[in-house]
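Chemist: Mapping of the sequence shown onto this note's numbering: position 237 corresponds to residue 255, and the numbering continues sequentially without gaps. By construction, the Cβ of each residue, glycine as well, lies at the ideal position given by its N, Cα and C atoms. Dropping the structure in here first, questions after.
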Amino acid sequence: MRRKFIAGNWKMNTTRAEGVALATAVANGVGTQADVEVAVCPPSVYLAAVGEALAGSAVGLGAQNCYHEAKGAFTGEVSPAMLVDVGCKYVILGHSERRATFKETSADVNRKVVAALAAQLTPIVCVGETLDERKANRTKAVVREQLEGSLGLLTAEQVVKLVIAYEPVWAIGTGVVATTEQAEEVHADLRKLLETRYTSQVAASVRIQYGGSVNAENAASLLSQPNIDGALVGGASLKAEGFLAIVAAARK
Ligand code: PEP
Numbered sequence: 019m020r021r022k023f024i025a026g027n028w029k030m031n032t033t034r035a036e037g038v039a040l041a042t043a044v045a046n047g048v049g050t051q052a053d054v055e056v057a058v059c060p061p062s063v064y065l066a067a068v069g070e071a072l073a074g075s076a077v078g079l080g081a082q083n084c085y086h087e088a089k090g091a092f093t094g095e096v097s098p099a100m101l102v103d104v105g106c107k108y109v110i111l112g113h114s115e116r117r118a119t120f121k122e123t124s125a126d127v128n129r130k131v132v133a134a135l136a137a138q139l140t141p142i143v144c145v146g147e148t149l150d151e152r153k154a155n156r157t158k159a160v161v162r163e164q165l166e167g168s169l170g171l172l173t174a175e176q177v178v179k180l181v182i183a184y185e186p187v188w189a190i191g192t193g194v195v196a197t198t199e200q201a202e203e204v205h206a207d208l209r210k211l212l213e214t215r216y217t218s219q220v221a222a223s224v225r226i227q228y229g230g231s232v233n234a235e236n237a238a239s240l241l242s243q244p245n246i247d248g249a250l251v252g253g254a255s256l257k258a259e260g261f262l263a264i265v266a267a268a269r270k
């Protein structure tokens with residue numbers, strides 16, 4: 019049985035005080051209930067402060083990115099071990115904004131996934147097609163290519179430790195959510211791909227989140243699908259009430 023997993027990607031938003039207030043409200047709302055896994059991913063400079071606000075709750079702390087090297091002359095970068103050191107359990111990798119704006123390739127994502135796993139972090143590996151790719155009927159090929167490239171040569175033992183997020187680029191921050199059918203179709207394809215590359219047990223145990231304009235209104239329908247195991251939430255994670263409503267939808 020895959021436990022539903024709702025994660026909030028705050029992106030480059032909030033001040034320190036706003037982040038702490040938001041995390042406190044989410045922590046109070048979730049309390050110690052662990053039936054649904056919940057995490058928030060603030061900007062890296064606020065990780066420690068947000069982690070303190072989450073203390074004692076079941077809400078986990080996640081980062082939005084990391085570098086694949088452990089330490090050294092990599093100005094501006096943060097290593098997986100540093101994230102663990104400030105209390106992170108998760109790290110989002112290969113988000114479409116990093117792929118598009120910072121030119122990260124799936125090979126880069128794979129190096130980060132390997133490093134994150136080695137540091138005992140749970141990577142949330144993002145894949146998703148652009149609108150042009152969907153219109154050209156290339157969705158399946160694009161997400162397959164991104165998933166295969168991002169997983170690289172990971173073993174079954176490694177793959178069961180990560181989470182996949184299907185995030186169609188055209189649905190991110192646009193208010194245009196994928197229909198439950200569109201999302202479920204891709205999730206089922208991704209699971210099939212895991213089964214082909216690994217085993218049916220691996221495919222059955224890996225959680226696949228949906229991301230892209232998830233909100234309190236559409237969450238229940240998306241989360242009712244057999245292959246949708248949670249949500250990676252951007253905009254709607256910036257207000258505690260809306261985010262907690264998504265967590266509540268995952269409980270049903
Ligand atoms: C995201 O960027 O991961 C995301 C899903 O954003 P939004 O929910 O705002 O579409």
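Please confirm whether any heavy atom of ligand 1 lies closer than 8 angstroms to the CB of E259.
Modeler: The sequence position of residue 259 within the sequence shown is 241, counting from 1. Incorrect: E259 has no Cβ contact closer than 8 angstroms to ligand 1.
Chemist: Would you mind sorting F120 into buried or exposed? The rule is 16 or more other CB atoms within 10 Å of its CB.
Modeler: Mapped onto the sequence shown, residue 120 falls at position 102. By the neighbour-count rule (16 or more Cβ atoms within 10 Å), F120 is not buried but exposed.
Chemist: Relative to ligand 1, is the shortest distance from any of its heavy atoms to the C-beta of L250 smaller than 8 angstroms?
Modeler: If you number the sequence shown from 1, residue 250 lands on position 232. Because some heavy atom of ligand 1 lies under 8 angstroms away, the Cβ of L250 counts as near it: yes.
Chemist: Could you check whether the Cβ of G230 sits closer than 9 angstroms to any Cβ belonging to chain C?
Modeler: In the structure shown, chain C does not exist; there is a single protein chain.
Chemist: Which residue wins for smallest C-alpha separation from R152, given the options M30, A189 and A206?
Modeler: As a working note, residue 152 is residue 134 in the sequence shown. Per the Cα distances, A189.
Chemist: Closer than 8 angstroms: is that where the CB of E147 sits relative to any heavy atom of ligand 1?
Modeler: Here residue 147 corresponds to residue number 129 of the sequence shown, with the count starting at 1. The answer is no for E147.
Chemist: State the DSSP-derived secondary structure class of P141, mapped to helix, strand or coil.
Modeler: Start at 1 with the first residue of the sequence shown, and residue 141 comes out as number 123. P141: strand per DSSP, three-state reduction.
Chemist: Relative to the C-alpha of V38, which residue among E235, L79 and H113 is closest?
Modeler: As a position in the sequence shown, residue 38 is number 20, starting the count at 1. Of E235, L79 and H113, the residue nearest in Cα terms is L79.
Chemist: Please work out which residues of its chain come closer than 8 angstroms, Cβ to Cβ, to V96, disregarding the five sequence neighbours upstream and downstream, and give them in chain order.
Modeler: In the sequence shown, residue 96 corresponds to position 78, counting from 1. Excluding positions up to five away in sequence, the list reads S62, A81, N83, C84 and Y85.
Chemist: Within 8 angstroms: the Cβ of N236 and any heavy atom of ligand 1?
Modeler: Against the sequence shown, residue 236 aligns to sequence position 218. Checking every heavy atom of ligand 1 against the Cβ of N236, none is found closer than 8 angstroms.
Chemist: Output needed for N128: all residues of its chain with C-beta closer than 6 angstroms, excluding positions within five of it in sequence on either side, in chain order.
Modeler: As a position in the sequence shown, residue 128 is number 110, starting the count at 1. Closer than 6 angstroms at the Cβ level, and outside the excluded window around N128, lie S168 and G170.
Chemist: Using only the heavy atoms of ligand 1, determine whether one of them is closer than 8 angstroms to the beta carbon of S168.
Modeler: Counting from one through the sequence shown, the residue named residue 168 turns up at place 150. Because no heavy atom of ligand 1 lies under 8 angstroms away, the Cβ of S168 does not count as near it: no.
Chemist: Use the C-beta contact count for T50: other C-beta atoms within 10 angstroms, 16 or more gives buried, fewer gives exposed.
Modeler: Residue 50 sits at position 32 when you count from the first residue of the sequence shown. Classification for T50: exposed.
Chemist: Can you list the beta strand (DSSP E) stretches of 3 or more residues lying completely in the segment 56 to 139, in chain order?
Modeler: If we require 3 residues or more, the beta strand (DSSP E) runs fully inside the segment 56 to 139 come out as 77 to 81 and 108 to 111.
Chemist: Tell me the rounded alpha-carbon separation between K210 and L40.
Modeler: Position 192 of the sequence shown, counting from 1, holds the residue named residue 210. Position 22 of the sequence shown, counting from 1, holds the residue named residue 40. Cα-Cα distance, rounded: 37 angstroms.
Chemist: Take A206 and list the residues in its own chain whose beta-carbon comes closer than 6 angstroms to its own, dropping the five residues that flank it on each side.
Modeler: The sequence position of residue 206 within the sequence shown is 188, counting from 1. Same-chain partners within the cutoff: N245.
Chemist: Which one or two residues does DSSP pair with N245 in a beta bridge?
Modeler: Position 227 of the sequence shown, counting from 1, holds the residue named residue 245. The partner list for N245 (beta bridge, DSSP) is empty, contrary to what the question assumes.
Chemist: Mapping DSSP to helix, strand and coil, what is G47?
Modeler: Translated into positions along the sequence shown, residue 47 becomes position 29. Note: G47 maps to helix in three-state DSSP.
Chemist: Cβ of V232 versus every heavy atom of ligand 1: is any distance shorter than 8 angstroms?
Modeler: Taking the first residue of the sequence shown as 1, we reach residue 232 at position 214. Because some heavy atom of ligand 1 lies under 8 angstroms away, the Cβ of V232 counts as near it: yes.
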